[in-house]
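Here the structure comes first, spelled out in structure tokens, and everything after it is commentary.
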Amino acid sequence: MKTSILFKIAALAVMLFGAQVVCLAQSAEKGKETFIKNGCWQCHGFVGQGGITGPKLAPDPKPFEFINVFIRHTKGPMPQYSEKILSKEDLADIHAYLASIPKGPDYSSIPLLAK
Ligand code: HEC
């Protein structure tokens, strides 16, 4: 009897851990598609560089946890994206895409700007 409870607890832990792995399996390539499909680029630019409407998101995006809370609850000029519209997995991909965007070169390495 005791072993069966332990077995159930272990099975539950595996299920929870398994779900966690799914959440963490991100794809920058898929994230780019999702970023474009959901119109993020219209305000934030194709590489998250920022635009007239939306602030810069990359390089060095804010942590996933911040973005996940922000886009679900914002009441500012940006439209809210519920989990029905944009799942946590899709957002994790977007975060991976933003994190994959390289930093631009240092301005001092560009002859016209280095003075
Ligand atoms: C209609 C224009 C618009 C669209 C579309 C849009 N955003 Fe935004 N976003 C904004 C604006 C404007 C802000 C700044 C608003 C504020 O701070 O309240 C913002 C802020 C953010 C921030 C917080 C930035 C920070 O540093 O505080 C994140 C993250 C973000 N957007 C991600 C996204 C993602 C991901 C998508 C697509 C799923 C998206 N946005 C689509 C306009 C937009």
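Counting from 35, one number per residue, gives the positions in the sequence shown under my numbering.
All residues carry an ideal CB built from backbone N, CA and C; glycine is no exception.
Model, not experiment: these values are computed from the prediction.
Reduced DSSP category for residue i - H, G, I as helix; E, B as strand; rest coil
i: GLN60; result: coil
i: GLN83; result: coil
i: SER142; result: helix
i: ASN102; result: helix
i: GLN76; result: helix
i: ALA133; result: helix
i: ILE70; result: helix
Length of the line joining the Cα atoms of residue i and residue j
i: ILE70; j: LYS64; result: 10 angstroms
i: SER116; j: LYS122; result: 9 angstroms
i: ASP124; j: TYR141; result: 34 angstroms
i: GLY88; j: MET112; result: 8 angstroms
i: GLY110; j: PRO139; result: 33 angstroms
CA nearest to the CA of residue i, picked from the options
i: ALA62; options: PRO93, LEU132, SER142 and ASP140; result: LEU132
i: LEU120; options: ALA130, LYS109, ILE39 and ILE105; result: ILE105
i: HIS78; options: SER38, GLN114 and ALA92; result: ALA92
i: GLU99; options: PHE80, HIS129, SER134 and GLY110; result: HIS129
i: GLN114; options: ASN72, LYS137 and LYS66; result: ASN72
Check: residue i C-beta below 7 angstroms from any heavy atom of ligand 1
i: HIS107; result: no
i: ILE70; result: no
i: PHE98; result: no
i: PRO93; result: no
i: TYR115; result: yes
i: GLY79; result: no
i: GLN83; result: no
i: GLN60; result: no
i: ILE128; result: yes
i: GLY73; result: yes
i: GLY65; result: no
i: ILE101; result: yes
Cβ-Cβ distance between residue i and residue j below 8 angstroms
i: ALA126; j: GLN83; result: no
i: VAL34; j: ILE39; result: A question about residue 34 goes unanswered here, because the residues of the chain that appear run from 35 up to 149.
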